[in-house]
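For reference, the structure discussed in these notes is given below.
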Amino acid sequence: MGLKVPQEGIRWLDVGLSLEEAARFHGHLGPFLVLGYRAGKAALSKLEPCRPDELEAKVTCPRRKPYSCFVDGVQCSTRCTLGKGNLEVFEGDGLALELRRKDVYVKVRVREEILNKALSETGLDEVLRRTPEELFELRVEKKEVRLSP
Numbered sequence: 006m007g008l009k010v011p012q013e014g015i016r017w018l019d020v021g022l023s024l025e026e027a028a029r030f031h032g033h034l035g036p037f038l039v040l041g042y043r044a045g046k047a048a049l050s051k052l053e054p055c056r057p058d059e060l061e062a063k064v065t066c067p068r069r070k071p072y073s074c075f076v077d078g079v080q081c082s083t084r085c086t087l088g089k090g091n092l093e094v095f096e097g098d099g100l101a102l103e104l105r106r107k108d109v110y111v112k113v114r115v116r117e118e119i120l121n122k123a124l125s126e127t128g129l130d131e132v133l134r135r136t137p138e139e140l141f142e143l144r145v146e147k148k149e150v151r152l153s154p
């Protein structure tokens with residue numbers, strides 16, 4: 006028997022996974038998963054409510070563990086996934102997320118000092134207890150699309 010979709014739409018897709026569910030998906034609760042999860046939540050808080058198919062995400066990170074765990078956190082909180090094709094991952098320094106809905110871009114970068122703390126023995130506690138303002142540099146940009154006459 007297949008999944009029955011309620012007539013009013015797929016309302017359960019309107020929210021991402023909880024942090025506990027993200028840890029289960031990922032396999033453990035680590036600082037880089039939490040950073041990705043919280044970066045996604047911080048970016049979403051700056052956008053109007055929307056359906057998951059209206060979002061696109063770009064993640065920049067080193068393509069090795071533990072840094073790449075950031076990607077799983079972003080997937081769990083934003084509902085953007087590699088499988089759906091609305092998440093792209095780029096090799097680069099630091100940890101950054103760009104989340105886009107229509108013409109609004111939210112850019113989130115993990116602060117360098119937080120990245121260093123995340124690598125320490127107390128990394129998980131550090132990223133769980135800090136505010137988004139302490140964890141991230143966040144910028145919202147509106148880019149107008151101009152059609153040629």
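Using the working numbering, the letters of the sequence shown map in sequence onto residues 6 to 154. Where is the CB? At the ideal position from N, CA and C, for every residue including glycine. As the structure is a computational prediction, the values presented were derived from the model and not from experiment.
Check, Outcome
"What's the gap between the Cα of Val79 and the Cα of Ala47?", "10 Å"
"Taking C-alpha atoms, which residue in Ser125, Val64 and Gly90 lies nearest to Val113?", "Val64"
"When DSSP labels each residue in this structure, what does Glu93 get in the three-state scheme?", "strand"
"Does DSSP put Tyr198 in a helix, a strand or coil?", "One cannot answer for residue 198 here, as it falls past the ends of the chain, which runs 6 to 154."
"On the CB-based measure, 16 or more other CB atoms within 10 Å of its CB, does Gly1 come out buried or exposed?", "Outside the modelled stretch of the chain, which goes from 6 to 154, sits residue 1, for which no answer is possible."
"Starting from the Cα of Glu96, find the closest Cα among Phe141, Glu138 and Cys66 and give me that residue.", "Cys66"
"Please confirm whether Leu3 and Val115 have their CB atoms less than 9 Å apart.", "Coverage of the chain is limited to positions 6 through 154, which leaves residue 3 absent and any answer about it impossible."
"Measuring alpha carbon to alpha carbon, tell me which residue in Glu117, Cys81 and Glu26 is nearest Ala101.", "Glu117"
"In the DSSP assignment, what are the bridge partners of Glu61?", "Arg105"
"Leu38 lies in the alpha helix (DSSP H); which residues open and close that run?", "Pro36 to Leu49"
"On the CB-based measure, 16 or more other CB atoms within 10 Å of its CB, does His31 come out buried or exposed?", "buried"
"So, using beta-carbon positions, are Asn91 and Pro57 closer together than 9 Å?", "yes"
"Is DSSP giving Glu146 helix, strand or coil here?", "strand"
"Grouping DSSP H, G and I as helix and E and B as strand, with all else coil, what is Arg114?", "strand"
"Taking the alpha helix (DSSP H) that Pro54 belongs to, which residues open and close that run?", "Element bounds for Pro54: n/a, residue is neither H nor E."
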